[in-house]
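Data block below; observations after.
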Amino acid sequence: MYPIVVNLKDRRCLVVGGGGVALRKASGLVAEGAKVFVVSPEPIAQLVEMADQGEITLNHRA
2 MYPIVVNLKD
12 RRCLVVGGGG
22 VALRKASGLV
32 AEGAKVFVVS
42 PEPIAQLVEM
52 ADQGEITLNH
62 RA
């Protein structure tokens with residue numbers, strides 16, 4: 002692990018993957034005000050729900 006302090010408000014952040022780890026990362030980034038883009042060929046239902054609610058942008062591709 003490494004400590005880092007970054008103001009993520011309105012910053013674009015990319016999460017690659019669509020499983021539980023991606024969900025945890027995307028949720029944390031959204032909580033900090035980031036604009037989150039997730040790329041995954043098969044995202045889990047919770048990520049699809051976040052996209053449907055407009056919390057993240059989801060791109061279904063490898």
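The sequence shown maps to residues 2 to 63 in the working numbering. All residues carry an ideal CB built from backbone N, CA and C; glycine is no exception.
Does residue i pass the burial test, meaning 16 or more other C-beta atoms within 10 Å, or should it be called exposed?
{"i": "I57", "result": "buried"}
{"i": "M51", "result": "buried"}
{"i": "A23", "result": "buried"}
At the 7 Å Cβ level, is residue i part of the contact set with chain C, yes or no?
{"i": "L9", "result": "The displayed structure is made up of one protein chain only, and chain C is not part of it."}
Please determine, among the options, the residue with the shortest C-alpha to C-alpha distance to residue i.
{"i": "R12", "options": "V31, R62, E43", "result": "V31"}
{"i": "Q54", "options": "S28, P42, S41", "result": "S28"}
Which residues in the same chain have their Cβ closer than 6 Å to the Cβ of residue i, if we skip the five residues on either side of it in sequence?
{"i": "E33", "result": "L9"}
{"i": "F38", "result": "L15, T58"}
{"i": "K36", "result": "R13"}
What three-state label does DSSP hand residue i in the structure shown?
{"i": "R62", "result": "coil"}
{"i": "M24", "result": "First, the residue type needs correcting, since residue 24 is Leu and not Met in the sequence shown. Helix at L24."}
{"i": "V7", "result": "coil"}
Here's a check: name, in chain order, each residue in its chain whose Cβ is nearer than 7 Å to the Cβ of residue i, leaving out the five neighbours to either side.
{"i": "G20", "result": "I45"}
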